[in-house]
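Single-structure report; data block below.
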Amino acid sequence: MLRRSFVVCAASTALLPSASRAADTISGRYVGNGKDVRLAFVSAYVTDGMSGKPAVVVVMTEKDHSASKRPTWDADFGKFGSALTISVHRSDGEIFSCQVAHQGLKRSPVSVGGIVKADGVSFSGDRIKARFTTGGVKTIFDEPFEADIQVDAAIRPKLS
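Final position of the sequence shown in the numbering used here is 278; the numbers increase by one with none missing.
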């Protein structure tokens with residue numbers, strides 16, 4: 119009886135992801151009025167900043183928003199379930215815009231200032247890594263809200 123052994127080699131570049139194209143990741147807590155929601159999708163785009171400063175908008179959603187032509191707008195208005203949309207300046211990583219869309223909050227979506235802070239924002243080439251946190255439970259219109267989310271995402275070109 120003749121046995122043949124085959125070695126399968128996945129050396130094709132079509133099968134292996136590029137080392138420079140790491141996957142976008144998101145993890146952490148997003149709680150509104152006691153309802154914990156899992157934000158599972160993240161993307162980042164070049165956007166207009168305040169006073170002409172270069173900026174990035176980070177879109178974090180419950181449902182996949184990758185096919186949307188207007189992910190920021192659609193996320194802010196609940197098309198992808200609960201969402202958090204944060205815009206930061208590239209120069210200092212400071213938040214200048216934050217929209218909270220959470221199914222557990224009665225008043226949602228809402229634009230908030232000063233509740234969510236950026237911690238450890240870093241830009242490396244075409245990627246952003248950041249932690250966005252409320253630093254514990256805060257209130258939005260007398261309802262408890264908490265966010266502590268870590269992201270690592272490729273920065274895509276500005277949407278038209």
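Heads up, the beta-carbon is just placed ideally off N, CA and C, and yes, glycines get one too.
Cβ shell of residue i (< 7 angstroms), same chain only, five flanking positions each side left out
i, result
"Asp237", "Arg249, Thr251"
Beta-carbon contacts of residue i that lie in its chain and below 6 angstroms, excluding the five residues immediately before and after
i, result
"Ser325", "Because the chain is modelled from 119 through 278, residue 325 falls outside the range shown and cannot be assessed."
"Trp191", "none"
"Ser96", "Outside the displayed span of the chain (119 to 278) sits residue 96, for which this structure offers no information."
"Gly196", "Ala219"
Residue i - partner residues in DSSP beta bridges
i, result
"Pro275", "Beta-bridge pairing links Pro275 to no other residue."
"Gly150", "Lys153, Phe263"
"Thr225", "This sequence places Arg at residue 225; Thr is not what is there. None, per the DSSP bridge assignment."
"Arg208", "The partner list for Arg208 (beta bridge, DSSP) is empty, contrary to what the question assumes."
"Ile144", "Val269"
"Val230", "DSSP output for Val230 lists no bridge partner at all."
Residue j beta carbon less than 7 angstroms from that of residue i
i, j, result
"Ala265", "Asp142", "no"
"Thr203", "Gln217", "yes"
"Val239", "Gly211", "yes"
"Val176", "Ala162", "yes"
"Ile246", "Val164", "no"
"Ile144", "Val269", "yes"
"Asp244", "Ile267", "no"
Proximity to residue i [Cα-Cα], best of the options
i, options, result
"Ser278", "Phe159, Asp166, Gly146, Tyr148", "Asp166"
"Arg147", "Pro172, Pro275, Tyr163, Met178", "Met178"
"Ala158", "Arg188, Ala193, Ala173", "Ala193"
"Lys276", "Ser242, Asp154, Pro189, His183", "Pro189"
Same chain, Cβ closer than 8 angstroms to residue i, five either side skipped, listed in chain order
i, result
"Pro262", "Val149, Gly150, Asn151, Gly152, Val255, Lys256"
"Lys289", "Examination of residue 289 is not possible in this model, given that the chain is present from 119 through 278 alone."
"Pro180", "One detail in the question is off: residue 180 reads as Glu in this sequence, not Pro. The answer, listed in chain order, is Val155, Arg156, Leu157, Ala158, Phe159, Phe198, Gly199, Ser200, Ala201."
"Thr131", "Because Thr131 carries a pLDDT of 34, less than 50, the predicted location of this residue cannot be relied on, and no value is offered for it."
"Leu223", "Gly150, Asn151, Ile258, Phe259, Glu261, Phe263"
"Lys187", "Leu277"
Contact test: residue i Cβ vs the ligand SAH heavy atom, cutoff 6 angstroms
i, result
"Ala141", "The ligand content of the structure shown is nil, which means the ligand SAH is not present either."
Curious, which full-length beta strand (DSSP E) runs of at least 3 residues does the segment 152–204 contain? 159–166, 172–179
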